[in-house]
Amino acid sequence: MKGFKDFIMRGNLIELAVAFIMAGAFAKVVEAFITIVMDLLGKLGGTPDFSSYKPGGVHVGAFLTVLASFLVLAFVVYFAMVKPYEAAKARFAKPADAEDTELSLLAEIRDELRAGRRL
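Here the sequence shown is numbered in numbering that gives the first Met the number 0, starting from 0 and rising by one per residue.
Right, dumping it as structure tokens:
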């Protein structure tokens, strides 16, 4: 039972559960926004619902509707979430070279102290 308790109380599991719940709630927000965008596109160029479109009797309309929704979603996610995240990360993240230099310097000091030498 101790192993099971450790598994359940593991921090990553809780973080993953919270992320899953938040993603489900956020999906509803994104779905509503995509509906608004598709309605706006429909007002510009006709109806955004291609479900009844059947060239040569082949039902491709539902696919075209889902494809258009996907492309709008990808556009919105990229420019509303990915680009701002990358910009913030580049602005606020510590450069990796500086971190490696500090660690190597500290390791060198530790090694000198272990050897009993004075700096």
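From the three backbone atoms N, C-alpha and C, an ideal C-beta is built for every residue, glycine too.
Answer with buried or exposed for residue i, where buried requires no fewer than 16 other C-beta atoms within 10 angstroms of its C-beta.
{"i": "V136", "result": "Nothing can be reported for residue 136: it is not among the residues displayed for the chain, which extend from 0 to 118."}
Alpha carbon to alpha carbon, what distance is there between residue j and residue i?
{"i": "Y52", "j": "L66", "result": "14 Å"}
{"i": "K88", "j": "Y77", "result": "15 Å"}
{"i": "K82", "j": "F74", "result": "11 Å"}
{"i": "K42", "j": "D48", "result": "11 Å"}
{"i": "G55", "j": "G45", "result": "21 Å"}
{"i": "A16", "j": "A92", "result": "26 Å"}
{"i": "F62", "j": "S68", "result": "10 Å"}
{"i": "S103", "j": "G115", "result": "19 Å"}
{"i": "L12", "j": "K1", "result": "16 Å"}
{"i": "E107", "j": "T34", "result": "59 Å"}
{"i": "M80", "j": "A86", "result": "10 Å"}
For a test of the three-state rule: what should DSSP assign to residue i, helix, strand or coil?
{"i": "V65", "result": "helix"}
{"i": "M80", "result": "helix"}
{"i": "K4", "result": "helix"}
{"i": "A16", "result": "helix"}
{"i": "V75", "result": "helix"}
{"i": "K53", "result": "coil"}
{"i": "A92", "result": "coil"}
Worksheet item: Of all the alpha helix (DSSP H) runs that stay within the bounds of the stretch 19-48, which reach a length of 4 or more residues?
Response: none
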